[in-house]
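Going down the list, the sequences are from chains A and B.
For the working numbering, count along the first sequence from 1 and bump the result up by 1.
For the working numbering, count along the second sequence from 1 and bump the result up by 6.
Here's the structure we're looking at; comments come further down.
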Amino acid sequence: MPAVSKGDGMRGLAVFISDIRNCKSKEAEIKRINKELANIRSKFKGDKALDGYSKKKYVCKLLFIFLLGHDIDFGHMEAVNLLSSNKYTEKQIGYLFISVLVNSNSELIRLINNAIKNDLASRNPTFMCLALHCIANVGSREMAEAFAGEIPRILVAGDTMDSVKQSAALCLLRLYKTSPDLVLMGEWTSRVVHLLNDQHMGVVTAAISLITCLSQKNPDEFKTCVSLAVSRLSRIVSSASTDLQDYTYYFVPAPWLSCKLLRLLQCYPPPEDGAVKGRLVECLETILNKAQEPPKSKKVQHSNAKNAILFEAISLIIHYDSEPNLLVRACNQLGQFLQHRETNLRYLALESMCTLASSEFSHEAVKTHIETVINALKTERDVSVRQRAADLLYAMCDRSNAKQIVAEMLSYLETADYSIREEMVLKVAILAEKYAVDYSWYVDTILNLIRIAGDYVSEEVWYRVIQIVINRDDVQGYAAKTVFEALQAPACHENMVKVGGYILGEFGNLIAGDPRSSPLVQFNLLHSKFHLCSVPTRALLLSAYIKFINLFPETKATIQEVLRCDSQIRNSDVELQQRAVEYLKLSSIASTDVLATVLEEMPPFPERESSILAKLKKKKGPGAVSVSDLDEGKRDGGGELNGAGERGPESSVVSTPSPSADLLGLRSAPPVGSAAQGAGSLLVDVFSEAGPLAPASGVNDDGFLSSEDSAPPLPESDDPPCGPVPFQSFRFVCKNNGVLFENQLLQIGIKSEYRQNLGRMYLFYGNKTSVQFVNFTSTVSCPGDLQSHILCTPTKPVDPLVEGGAQLQQVLNIECLSDFSDAPLLNIRFRYGGALQNLTLKLPLTINKFFQPTEMGSQDFFQRWKQLSLPQQEAQKIFKANHSMDKEVLKAKLLGLGMALLENVDPNPENFVCAGVVQTKAQQVGCLLRLEPNIQAQMYRLTLRSSKDTVSKRLCDLLAEQF
Amino acid sequence: MIKAILIFNNHGKPRLIRFYQYFAEDMQQQIIRETFHLVSKRDDNVCNFLEGGSLIGGSDYKLIYRHYATLYFVFCVDSSESELGILDLIQVSTIYIFMTVFVETLDKCFENVCELDLIFHMDKVHYILQEVVMGGMVLETNMNEIVAQVELQNRMEKSEGGLSAAPARAVSAVKNMNLPEIPRNINIGDINIKVPNLSPF
């Protein structure tokens with residue numbers, strides 16, 4: 002006897018459905034439907050009041066018509082009427098219609114709410130369930146407002162039927178998801194947790210979904226659920242398959258509930274209580290063991306259910322990431338599945354392994370399956386599985402296997418499904434960059450990428466290769482040679498032309514010595530592609546040509562000829578025309594010096610996070626690129642490939658703009674770009690440092706060539722415009738003025754003066770870009786107890802806005818209270834193009850700044866020297882010379898130190914002696930210094946004596962770095 | 007969370023659609039078409055999981071589907087965090103067993119369910135679904151419990167009796183009338199589904 006009585010039904014409905022089914026054509030069907038709609042409409046509008054049955058029948062017909070894809074714009078009122086019927090079937094269809102057809106912002110909600118309210122209060126469990134279903138299905142805010150208070154009461158009331166509890170739990174969950182602010186935690190919370198112990202498994206199942214969700218936002222309030230969940234899980238896992246009667250599914254006890262429990266546990270860290278943890282580990286081991294047991298049934302449902310639990314258990318093991326033993330076991334288990342004949346299992350195993358690869362405990366174990374995974378990528382018939390295999394290869398890639406994986410991915414790309422090509426390209430580009438040991442390999446890989454899948458190579462990818470080539474001078478020649486060869490191909494992708502144009506324009510000279518790639522050959526090769534390219538590429542090529550004129554004067558006539566021809570100088574595209582005209586003019590009137598300056602080689606790009614990673618992240622949606630991916634990118638990619646950061650010695654004191662902030666900046670950059678909308682499409686205006694010439698100043702929306710790169714350096718700066726000048730604390734020991742810090746964005750200059758125990762420091766913040774810095778703040782802090790030794794206060798806060806090219810001054814008043822060794826920290830934050838820049842520097846404030854020189858004679862000196870003979874009063878260092886040992890240089894340094902340099906005091910004329918008093922508010926500390934150079938050995942011996950041991954020590958440390 | 011449950015036949019005709027997230031009506035139809043296009047081109051022995059189509063939200067969603075005789079059953083679920091940052095993911099392996107429970111329940115309730123049952127008893131299918139999924143969340147996984155609930159509904163319907171009980175014979179007559187040949191039984195896995203040769207409509 003079937004549970005559904007097939008016979009009972011509505012005759013009119015059945016006839017209507019049959020009619021539709023008998024329609025021979027779409028037109029006939031539409032005609033029949035329209036006829037029916039007209040009929041129903043007239044019935045609903047008619048004078049005669051319809052009985053419940055007819056209403057039900059018509060509403061049901063409307064539902065059917067809706068299913069066929071026709072809009073239903075009436076009948077809602079009748080459905081609402083049915084809600085207040087006393088007949089179950091009528092009420093039921095009314096609720097169904099509303100759940101399917103009413104969206105959350107309907108005006109009917111108020112009427113519906115009224116009916117729901119009545120049903121909830123009816124104490125008839127069936128009606129209550131219908132009402133709860135309706136709330137959960139519509140889940141609108143109005144409903145949440147109306148019922149968020151009532152439902153928790155129903156859920157935890159002692160006399161509520163199990164089926165109603167079940168519905169109430171999920172209903173509350175739905176409301177919490179749509180309007181978390183309206184569901185208030187309260188006294189019911191603790192009682193909800195105890196539903197995990199409920200007799201009725203259905204109630205537990207529903208409650209667990211609710212608890213999982215609530216505990217993510219309020220972990221502390223639901224903490225007790227962990228031990229309850231573990232004990233529940235342990236009871237299920239260890240029970241014989243028959244214990245749970247109905248909830249046993251093909252010999253697997255309560256698979257769904259087990260999965261949910263395991264999922265709940267993933268909201269929390271491993272249990273702290275040893276006993277609970279032990280029990281849980283036992284459960285996990287049992288689950289892993291069961292996977293190895295022979296199946297209790299041959300049915301596929303049995304293994305499906307068993308594996309569902311296993312996969313969830315593995316997720317939990319990965320989440321805890323603290324049990325190496327379990328992790329490796331999990332990995333081995335998944336390894337078996339990789340070769341399983343069930344496609345689903347292979348898919349799931351690949352997917353789980355992806356997360357497993359990010360754990361340090363199991364990364365190596367995952368790597369052992371590389372051949373299988375590569376094989377899956379090559380031979381799987383199913384694109385879903387191949388995609389997972391590609392994901393896994395990406396996740397398991399590290400320095401040891403990068404070349405192999407990248408090669409496999411590249412070869413797969415040739416035949417890859419179109420749907421996943423773009424993602425594959427991004428992944429290859431990222432891996433190649435992240436694990437590049439030699440840059441020629443990197444350049445080869447990316448050029449191959451463009452060759453194989455040019456259409457799917459997004460701008461970010463080729464921007465990136467150019468950034469890297471520009472920043473690494475050791476690869477430039479190779480890159481020029483390689484692109485030149487790649488461009489020889491009769492058909493080459495436009496992206497290749499872009500890269501080729503850019504690189505030859507910059508570095509074509511490096512291969513011009515070879516007659517096979519002489520300047521003219523290079524130019525002709527590029528120009529042969531010109532006419533097949535889109536406008537932005539042509540614009541780029543024009544810029545490359547003008548660069549050629551600078552690099553190779555012998556090509557000038559040929560190129561001018563090209564620029565002069567009508568198709569350029571009268572091009573209908575305004576950008577191309579402007580470039581042709583301006584470049585032509587520039588090349589004819591400017592002297593070679595001017596030309597060389599304007600068309601100078603691009604300066605290195607500032608170090609930044611790979612924009613490709615951001616792109617992949619955006620493409621995959623949040624969560625798809627794990628945080629560890631990004632971290633790794635920062636670690637490996639950031640430090641290694643971006644030349645700029647490597648050029649100067651890194652100083653630990655300087656925290657250059659944080660990569661993560663920059664990454665965010667890339668995504669929020671578009672507002673800057675949109676300002677130059679007209680030029681927006683011409684992202685390729687790569688030579689915009691040509692300043693007055695280039696109308697489209699290189700602003701774009703991806704952070705690749707944002708204007709910072711093209712901004713002229715501050716006029717007063719004589720330093721080269723590139724590469725951060727790291728602050729080295731010792732540079733300022735002997736001098737008071739200079740450039741404290743410089744990077745691509747910002748230059749900080751410093752001037753200081755000291756008298757007695759007081760000082761004043763002027764800081765100059767120069768904005769090197771053409772874009773304003775906003776929210777600019779600078780704060781000085783004294784870490785630790787430094788505060789009690791030195792006071793360092795700005796006279797007033799800095800202006801939060803620093804215009805492009807402008808300079809800002811800040812004055813610090815300094816008072817030395819007592820001797821100190823650490824230095825105050827200067828923290829600078831500002832937003833540049835949406836990206837937060839954060840910089841912390843040590844102020845060059847050292848104890849010697851407060852020296853008062855003391856002149857004295859030989860006798861005096863040695864008398865005092867002897868007085869300071871306690872061991873702790875002396876500090877001595879013997880060290881190798883790092884700088885010139887020239888006498889005059891040493892003299893200048895010692896004078897800069899602030900002490901008096903005493904001539905004719907030391908019997909050995911090669912030695913230096915100095916005397917001074919450190920002025921602090923608390924006391925005055927007399928100091929004597931003796932420096933004994935040994936030219937032959939290139940060594941010094943430095944001795945300091947003072948009345949205070951800390952001062953001797955500190956001065957000795959400071960000075961030892963100076964010589 | 008389950009975003010949508012779709013059942014359509016081999017020709018893409020929808021037999022049951024249930025969205026738990028609001029989509030405008032025409033969008034719903036487009037999603038059905040897109041989903042049909044995605045799953046119908048797949049071979050029978052490939053895996054049962056794939057990424058969602060662009061209309062429903064792309065790779066943030068997963069489709070879990072099964073093909074039984076003339077019908078495709080498709081569940082569309084989240085595969086990334088919800089907008090509130092709440093992780094409410096159900097592993098595809100888990101949803102897959104649940105989906106099987108649903109199909110088995112239908113099979114039991116209708117005694118060898120076939121496409122015609124879904125057509126002529128659309129409302130009943132909805133009610134069964136309602137016992138299983140609520141607001142996109144799984145309510146009950148115990149088949150016996152679900153069947154008991156359905157039987158309870160049935161008894162109430164009977165007790166209300168009256169007119170609704172009358173046309174029973176008419177329905178079965180109509181049903182037989184449309185069948186060009188006697189349905190044959192095909193064994194797919196463990197579920198018997200009658201496969202009538204239906205003319206698409």
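Cβ atoms here follow ideal geometry from the backbone N, Cα and C, with glycine treated the same way.
With respect to 7 Å, is the separation between the Cβ of residue i and the closest non-hydrogen atom of the ligand NAD below this value?
i, result
"PHE17/A", "As for the ligand NAD, it is missing from this structure, which has no ligand bound."
Would you check if the distance between the CB atom of residue i and the CB atom of residue j is smaller than 8 Å?
i, j, result
"ILE749/A", "PRO845/A", "no"
"VAL799/A", "SER859/A", "no"
"ALA901/A", "GLY927/A", "no"
"ALA581/A", "ASN572/A", "yes"
"ILE848/A", "PHE821/A", "yes"
"ALA390/A", "MET410/A", "no"
"GLU524/A", "GLY478/A", "Sequence check: residue 524/A is Phe here, not Glu. In this structure, GLY478/A does not lie closer than 8 Å to PHE524/A by Cβ."
"ILE469/A", "TYR440/A", "yes"
"VAL462/A", "LEU450/A", "yes"
For the beta strand (DSSP E) that residue i lies in, which residues bound it at each end?
i, result
"ASN839/A", "836 to 843"
"ARG942/A", "940 to 947"
"LEU827/A", "826 to 833"
"VAL926/A", "925 to 935"
"MET603/A", "Per DSSP, MET603/A belongs to no beta strand (DSSP E) and is neither H nor E."
"SER753/A", "747 to 756"
"ASN16/B", "Note, ASN16/B: premise wrong, no beta strand (DSSP E); not H, not E."
"HIS73/B", "67 to 74"
"ARG761/A", "759 to 768"
"ARG875/A", "Per the sequence presented here, residue 875/A reads as Glu, with Arg not at that position. Where GLU875/A is concerned, the enclosing beta strand (DSSP E) stretches over 875 to 881."
"CYS793/A", "791 to 795"
"PRO782/A", "Here residue 782/A is Ser; the residue named in the question, Pro, does not match the sequence. Residues 774 to 782."
Name the two residues that bound the continuous alpha helix (DSSP H) containing residue i.
i, result
"PHE524/A", "520 to 531"
"LEU898/A", "888 to 898"
"ILE547/A", "536 to 552"
"GLN34/B", "31 to 46"
"PHE4/B", "Shown here, chain B extends from 7 to 207; a query on residue 4/B therefore has no answer."
"GLN853/A", "No alpha helix (DSSP H) holds GLN853/A; the beta strand (DSSP E) holding it covers 852 to 854."
"MET497/A", "495 to 508"
"TYR988/A", "Missing from the structure shown is residue 988/A; chain A here goes from 2 to 964 and no further."
Report the CB separation of residue i from residue j in whole angstroms; it is logged as a contact under 8 Å.
i, j, result
"LEU764/A", "GLN811/A", "5 Å"
"MET7/B", "MET143/B", "6 Å"
"PRO271/A", "LYS278/A", "6 Å"
"VAL193/A", "LEU171/A", "Not a contact, Cβ separation roughly 12 Å."
Next on the checklist: Using a Cβ distance threshold of 8 Å, determine whether the segment 326 to 334 of chain A contacts the segment 354 to 363 of chain A, with at least three qualifying pairs required.
Outcome noted: yes
Item to check | Touch test, the segment 875 to 886 of chain A against the segment 950 to 961 of chain A, Cβ-Cβ under 8 Å, three pairs minimum | outcome: yes
Next on the checklist: Is it the case that the segment 423 to 433 of chain A contacts the segment 454 to 467 of chain A, given that we only count it when at least three CB pairs across the two stretches are under 8 Å?
Outcome noted: yes
Next on the checklist: Closer than 8 Å is the cut-off here; do at least three beta carbon pairs connect the segment 155 to 167 of chain B with the segment 256 to 269 of chain A?
Outcome noted: no
Checklist entry - Below 8 Å, can you find three or more Cβ-Cβ pairs linking the segment 820 to 834 of chain A to the segment 854 to 869 of chain A? => result no
Checklist entry - Do the segment 64 to 76 of chain B and the segment 105 to 115 of chain B meet, that is, are 3 or more Cβ pairs less than 8 Å apart? => result yes
Checklist entry - Any chance the segment 428 to 443 of chain A sits against the segment 404 to 415 of chain A, with 3 or more Cβ pairs inside 8 Å? => result yes
Item to check | Cβ contact check for the segment 244 to 260 of chain A and the segment 214 to 228 of chain A: 3 or more pairs under 8 Å | outcome: no
Next on the checklist: Under 8 Å: do the segment 131 to 138 of chain B and the segment 146 to 161 of chain B share three or more Cβ pairs, one atom per stretch?
Outcome noted: yes
Next on the checklist: Across the segment 246 to 260 of chain A and the segment 295 to 304 of chain A, are there enough close Cβ pairs to call them in contact, namely three or more that are closer than 8 Å?
Outcome noted: yes
Item to check | Every unbroken alpha helix (DSSP H) inside the segment 104 to 164 of chain A [4 residues or more] | outcome: 110 to 122, 126 to 139, 142 to 148, 151 to 157
Next on the checklist: If the cut-off is 7 Å on Cβ atoms, which residues from the segment 359 to 384 of chain A count as contacting chain D, listed in chain order?
Outcome noted: Absent here is chain D; the protein component of the structure consists of chains A and B.
Next on the checklist: Report the start-end ranges of each alpha helix (DSSP H) in the segment 320 to 359 of chain A that is 4 residues or longer and not cut off at the edges.
Outcome noted: 325 to 339, 344 to 357
Item to check | Length-filtered (4 minimum) alpha helix (DSSP H) runs lying within the segment 389 to 414 of chain A | outcome: 403 to 414
Checklist entry - What are the start and end residues of each continuous alpha helix (DSSP H) run of 4 or more residues lying completely inside the segment 425 to 455 of chain A, in chain order? => result 440 to 454
Checklist entry - Does the count of Cβ pairs from the segment 593 to 604 of chain A and the segment 560 to 580 of chain A closer than 8 Å reach three? => result no
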